Structure formats: structure tokens, C-alpha cells
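As they're listed, the protein sequences go chains L and G.
First residue of the first sequence? That's 1 in the working numbering, and the numbers climb one at a time after it.
First residue of the second sequence? That's 181 in the working numbering, and the numbers climb one at a time after it.
For every residue, glycine included, the Cβ atom is placed at its ideal position computed from N, Cα and C.
These figures come from a predicted structure and were not determined experimentally.
Note sheet for the following structure.
There are 2 protein chains.
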Amino acid sequence: MKSAPLPAPLPDWTDLLRRTPTLVDAWLRGLPDRWLDVDEGPGTWSVRNVVGHLIEGERSDWLPRVRHLLRHGEAVAFPPFDRVAQERRGPRSIEELLDEFATMRAESLRELHAIGLTPTDLARTGRHPEFGVVTLRQHLATWVAHDQTHAMQIARIFGRSLAADVGPWRAYLRAARPPE
Amino acid sequence: MKSAPLPAPLPDWTDLLRRTPTLVDAWLRGLPDRWLDVDEGPGTWSVRNVVGHLIEGERSDWLPRVRHLLRHGEAVAFPPFDRVAQERRGPRSIEELLDEFATMRAESLRELHAIGLTPTDLARTGRHPEFGVVTLRQHLATWVAHDQTHAMQIARIFGRSLAADVGPWRAYLRAARPPE
Numbered sequence: 001m002k003s004a005p006l007p008a009p010l011p012d013w014t015d016l017l018r019r020t021p022t023l024v025d026a027w028l029r030g031l032p033d034r035w036l037d038v039d040e041g042p043g044t045w046s047v048r049n050v051v052g053h054l055i056e057g058e059r060s061d062w063l064p065r066v067r068h069l070l071r072h073g074e075a076v077a078f079p080p081f082d083r084v085a086q087e088r089r090g091p092r093s094i095e096e097l098l099d100e101f102a103t104m105r106a107e108s109l110r111e112l113h114a115i116g117l118t119p120t121d122l123a124r125t126g127r128h129p130e131f132g133v134v135t136l137r138q139h140l141a142t143w144v145a146h147d148q149t150h151a152m153q154i155a156r157i158f159g160r161s162l163a164a165d166v167g168p169w170r171a172y173l174r175a176a177r178p179p180e
Numbered sequence: 181m182k183s184a185p186l187p188a189p190l191p192d193w194t195d196l197l198r199r200t201p202t203l204v205d206a207w208l209r210g211l212p213d214r215w216l217d218v219d220e221g222p223g224t225w226s227v228r229n230v231v232g233h234l235i236e237g238e239r240s241d242w243l244p245r246v247r248h249l250l251r252h253g254e255a256v257a258f259p260p261f262d263r264v265a266q267e268r269r270g271p272r273s274i275e276e277l278l279d280e281f282a283t284m285r286a287e288s289l290r291e292l293h294a295i296g297l298t299p300t301d302l303a304r305t306g307r308h309p310e311f312g313v314v315t316l317r318q319h320l321a322t323w324v325a326h327d328q329t330h331a332m333q334i335a336r337i338f339g340r341s342l343a344a345d346v347g348p349w350r351a352y353l354r355a356a357r358p359p360e
């Protein structure tokens, strides 16, 4: 396997992070509600919920935890991230959600750049409420991988909604298969 | 589960199809080679290969099989789709690949619109070399779901390349997990 480990300096880490709002926008803006509201069954998310969750990540997870770790090290655990915070907010249009995500991601990346993390900073450690000691580098890599996980989810939500329509091709279409 | 079955008339089917070149472009154009060349291990694809495969689908699968089915019905099986045709072509830049995919997809959708499929047409049947009798409706739904499957693949390729970097968060990140 060719590997693509995250290098220092920092700007290279943001190749994917800065693209996520644009690609999600290209995927979802202007879609009819039947695509925006479809989900994978009871208790699962629609793509609208996914964008809401990405916004919550910017608000209370990614940069807030960078600041927290740099300030407190291992002495104070991160506040737990509320993974369903967005579900308590009222319904919002996809346009509003996409605009907010783009604005917040741009602001996060501006602040990250302004902090000017060094390789030494990346090795600094903090305390995760569940996992224990983690490095800043792991936290930042998780930000990148988390975007990709939710891009997978968007594709899977759409694909599964077509599972009954594709007939025998289902065997070849990972996105159209039921949950494992 | 809220369902989003593909409706007639046809224009609604293309909501997602016409977005795919734009979202893949937003995701990949201008990325450094270390992202474009990373794969999931021996015998697996990079995102560059995925775009090449999407181009081959336009060239020899989606509209060609629509034409074939309308002409031959069940009498003549579809020619088999060569799923690795793109691997025999020489290396090409991501920009060239993205441009070609966008051009070909736009042309496919123009032709699909020009054919003006009716609900009766959608129920027409053809013969798949492996699956036997399939409907035109299933073929078109497969086109939509196939895009989503390869969007999942792009996200997974990137996510897995970070598996070693995310540390304990791996448990939460589907995209960063090893193949099942």
C-alpha cells in the first residue's frame, strides 16, 4: 500500500479539509427534498443531518480541542463532543446549512494557520475523555478522516435509497447494499 | 426508512447524475500526487483510477446499453462491460481525466434527454450477460447508484490512508477502518 502520511508543514494537511465544503455543496445544493430527506432507516441521518453534524464539529470539536490541548495538555480532558447536538436545532434549509459550514470551515482553517503549529506542537499530548492520552497530530488527522467518513455516509444514504431500484446489480454496488 | 424511489419523468433521475462531475472535481482537482496516487493496497485503485473508471462507464456502459436495450430488447445480451479498461491506458493528469469525465457525462445526459424515455420505455427489458433479464429502469437506477459507490470509494481511499495517523479515533471512523 502506498501511504500518504500527514506531513508537516501544516499547509499540506489542509489539502482535503479546505475542499470538503465545496464538494458537499456541489453534491447537495439545490437537490429536491426527496434526496435531502431520505435516510437509512429509523434513527439514522439524512444528508441534511450530516451537514448539520459537520457544522457542530467546527463549532465544538476541531479548533476548540486544538486550543484546549495547547492550553491544558493532559491536565484537563477535552469536553465531550456532542455528536447529536444538531438534532436539537430546528429544521434548516440545505442552502443555509451549506453556507454556515463553508463559513465555519474557512474560519477554522484561518485560525489553524494563524496558530502556526510546529512539529513539536504536533507531538504535544492532551487527554480524551474516552481514549486517554492522544496527540495533537492524531486529533488533526482525525479531522481529515472524519470529513471522508461523512462523505462516505452521504454516498451510502443515496445509494441505499436506490437498493430496490437497481435489481440484480445490487451485488456489485457497495453503496446500494444493506448495512453490514 | 423514508424511500426515494426513482420517479418518472426522467429529469428527476438526473438530479444526482449531473452533479457527479462537479463534486468529484471539487474533491480532486489540484490535489498533490500523494493524495492522487495513494491506494488501498496491492491490486486496488487510486482516486485517479476511479475517475478513469467513471469515464469508461460513460464510454461503454451507460448510454451505450440504453441504446442497445432499446434496439435489441432481450434478443441480444449487452456486450460485457470492461471494468478495468482504464488500467490499460497510459498515465493521465487528474485535470485531463476530470475534464473528460465532465464532457462525457454532459453528453450522456444530453442524449438521454433527447431520447425522451417514456414510462413504458422504462419497463422495457434487455439481457445482461450475467444477470439475465433486466429493465431499463434498473439500468438507469444502477447508473445513479454506481456514481455513489465510487464516491464512497474515493472517501474510503483517503480515509484509510490516514488509518495509522488517527490513533484511537479509528474506532469511530468508518472511512479509516481496514477492509471488512
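Contact list for residue i against chain G, beta-carbon separation under 9 Å
| i | result |
| --- | --- |
| residue 144 of chain L | 338, 339, 342, 345, 346 |
| residue 62 of chain L | Result: empty, since nearest Cβ-Cβ is about 12 Å, beyond 9 Å. |
Per-residue contacts from residue i into chain L (C-beta, under 7 Å)
| i | result |
| --- | --- |
| residue 321 of chain G | 162, 165, 166 |
| residue 355 of chain G | 145, 148, 149, 152 |
Environment of residue i [buried if 16+ CB atoms lie within 10 Å]
| i | result |
| --- | --- |
| residue 165 of chain L | buried |
| residue 342 of chain G | buried |
| residue 201 of chain G | buried |
| residue 142 of chain L | buried |
| residue 287 of chain G | exposed |
| residue 252 of chain G | exposed |
| residue 33 of chain L | exposed |
| residue 61 of chain L | buried |
| residue 126 of chain L | buried |
| residue 221 of chain G | exposed |
| residue 285 of chain G | buried |
Any C-beta of chain G under 8 Å from that of residue i
| i | result |
| --- | --- |
| residue 23 of chain L | yes |
| residue 35 of chain L | yes |
| residue 136 of chain L | no |
| residue 45 of chain L | no |
| residue 26 of chain L | yes |
Beta-carbon gap between residue i and residue j smaller than 8 Å
| i | j | result |
| --- | --- | --- |
| residue 325 of chain G | residue 315 of chain G | no |
| residue 19 of chain L | residue 282 of chain G | no |
| residue 277 of chain G | residue 228 of chain G | yes |
| residue 218 of chain G | residue 337 of chain G | yes |
| residue 309 of chain G | residue 257 of chain G | yes |
| residue 195 of chain G | residue 69 of chain L | no |
| residue 236 of chain G | residue 262 of chain G | yes |
| residue 335 of chain G | residue 155 of chain L | yes |
| residue 152 of chain L | residue 354 of chain G | yes |
Presumed contact (8 Å Cβ cut-off) between residue i and residue j, rounded CB distance
| i | j | result |
| --- | --- | --- |
| residue 29 of chain L | residue 94 of chain L | 6 Å |
| residue 223 of chain G | residue 148 of chain L | Not quite, the Cβ-Cβ distance comes to about 21 Å (not below 8 Å), so this is no contact. |
| residue 330 of chain G | residue 234 of chain G | 6 Å |
| residue 292 of chain G | residue 231 of chain G | With a Cβ gap of about 21 Å, residue 292 of chain G and residue 231 of chain G do not count as contacting. |
Chain-ordered neighbours of residue i on chain L, where CB pairs are closer than 9 Å
| i | result |
| --- | --- |
| residue 258 of chain G | Result: empty, since nearest Cβ-Cβ is about 12 Å, beyond 9 Å. |
| residue 311 of chain G | 167, 168, 169, 171 |
| residue 335 of chain G | 147, 148, 149, 150, 151, 152, 153, 154, 155 |
Any C-beta of chain L under 8 Å from that of residue i
| i | result |
| --- | --- |
| residue 230 of chain G | no |
| residue 198 of chain G | no |
| residue 184 of chain G | Note on residue 184 of chain G: pLDDT 49, under 50, position unreliable in the model; no value is reported. |
| residue 294 of chain G | no |
| residue 188 of chain G | Below a pLDDT of 50, predicted positions are generally treated as unreliable, and residue 188 of chain G, at 46, falls in that range; no measurement from the model is reported. |
| residue 282 of chain G | no |
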